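Residue numbers for the sequence shown follow numbering that gives the first Met the number 0, beginning at 0 and rising by one.
Here a beta-carbon is modelled for each residue, glycine too, at the ideal position from N, C-alpha and C.
In this text, all values refer to a predicted model and were calculated from it rather than measured experimentally.
Working notes, structure below.
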Amino acid sequence: MTNQYAIGPFPQDMKKACENFRGIGSADCAEENWDIYFAGALRGVARCAPGSAFNSALDACIDEDYGYGPFKENQVEQCKDLQWGFVCESMRWPVAVLRGEKAPPAPAPNIVGTGNGTWNTANLRGIAGKLLSFYANPANYRSVYSQVMSWFGSTQNGCVAFMSTALRNVGVPVPKALNNKGYNISTWTAAFAEYLEQTLGWRRISNLRDLAPGDVAFTLDLDGSRGFPAHVFMFVGWIDDTSTLARVIDNQGFLHTRDLLGYKGNFTPFQYALRPPG
0 MTNQYAIGPF
10 PQDMKKACEN
20 FRGIGSADCA
30 EENWDIYFAG
40 ALRGVARCAP
50 GSAFNSALDA
60 CIDEDYGYGP
70 FKENQVEQCK
80 DLQWGFVCES
90 MRWPVAVLRG
100 EKAPPAPAPN
110 IVGTGNGTWN
120 TANLRGIAGK
130 LLSFYANPAN
140 YRSVYSQVMS
150 WFGSTQNGCV
160 AFMSTALRNV
170 GVPVPKALNN
180 KGYNISTWTA
190 AFAEYLEQTL
200 GWRRISNLRD
210 LAPGDVAFTL
220 DLDGSRGFPA
230 HVFMFVGWID
240 DTSTLARVID
250 NQGFLHTRDL
260 LGYKGNFTPF
270 QYALRPPG
């Protein structure tokens, strides 16, 4: 906590309370740091934040999957000894850290930036190469933004709108139509994924280690909405070869960082990706 901000990530109950107040999909609720007075009003004065409870054995406030700080100095040192890396600097840890479990192996490295704002697509062919070359260009991203504003009208809840528009720009025929369950293919994650996989024959990638630049990645499902991933984005590359932090492009902005396991930042974890044939 600082004089201006409460430092997250925050428990899901607090995030839901934020969205109930500010609107589902609010970018403010996805941030790590919230206005101190707003966060205080949602948190209350109990020992643990809403949605978490104190566990004496682990000496921390936890929910089903995470423990919440601030953590004690000896806990931080143990976290580092267990090789959890940047996770130890955050205010939300996987419960596994508090249980003394060693960090899982990091995903294998993939293509990263060349240092001059461009991306190495020499080994990529077909649609994936075209998509990466197109969407990782700032001018083209601005064009996609303008197109989405012209027909969808907002960045909020617009992850599929952005991704489908980018694909249309490289020749992938993603319609603005309803699928057989009544959901728009260009605005709903489930309908979009079903169309790419079942109609266009895209291949599902379930292992985080197998991600490649140009993959269209989907997160875990929305709370209470089975089969509807919470978010979709284009995977660009890993920050480095020891990190779960990836560079992605989506409706939340041009090239930016996302933790695909949800350890750092209030991000919904990766579930699977879809890759075009060829």
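- Are the beta-carbon atoms of Y182 and A190 separated by less than 7 Å? Contact: yes.
- Under 7 Å between C-beta atoms of V231 and F217: Yes; because the gap between Cβ atoms is below 7 Å, this pair is in contact.
- Query: Anyone know if the C-beta pair for L210 and A272 falls short of 7 Å?
  - Reply: Yes.
- In whole angstroms, what is the alpha-carbon distance linking P10 and A48? Rounded to the nearest angstrom, the two C-alpha atoms are 7 Å apart.
- Task: Look at the Cβ atom of G66, then the Cβ atom of A59, and state whether they are nearer than 7 Å.
- Result: For G66 and A59, yes; Cβs fall inside 7 Å.
- Item | C-alpha gap between G24 and G99, whole angstroms | Per-residue confidence for G24 stands at a pLDDT of 45, beneath the threshold of 50, marking its modelled position as unreliable; the derived number appears in the next sentence. Going by the C-alpha atoms only, they are around 34 Å apart.
- Can you give, in chain order, each stretch of the beta strand (DSSP E) that sits fully within the stretch 195–230 and has at least 3 residues? With a minimum length of 3 residues, the continuous beta strand (DSSP E) runs that stay inside the stretch 195–230 are 202–204, 215–218, 224–228.
- Terminal residues of the continuous alpha helix (DSSP H) containing T188? Residues 188–193.
- Coil, strand or helix - A245 by DSSP: In this structure, A245 counts as strand in the three-state DSSP scheme.
- Chain-order list of residues whose beta-carbon lies under 6 Å from that of P268 (same chain, five-residue window excluded): Excluding sequence neighbours, P268 sits near L219, L260, G261.
- Message: Measuring CB atoms only, is the stretch 125–135 touching the stretch 157–172, in the sense that at least three cross pairs come out at less than 8 Å?
- Response: Under the 8 Å Cβ criterion, the stretch 125–135 counts as touching the stretch 157–172, having at least three qualifying pairs.
- Do G277 and G125 come within 7 Å of each other at the CB atom, strictly closer than that value? Yes.
- Query: Taking the alpha-carbon positions, what's the Q280 to L41 distance?
  - Reply: The structure shown does not extend to residue 280, since the chain is modelled only from 0 to 277, so the question has no answer here.
- Do you know whose CA, among Q74, S55, R91, lies nearest D258's CA? Minimum Cα distance to D258 is reached at R91.
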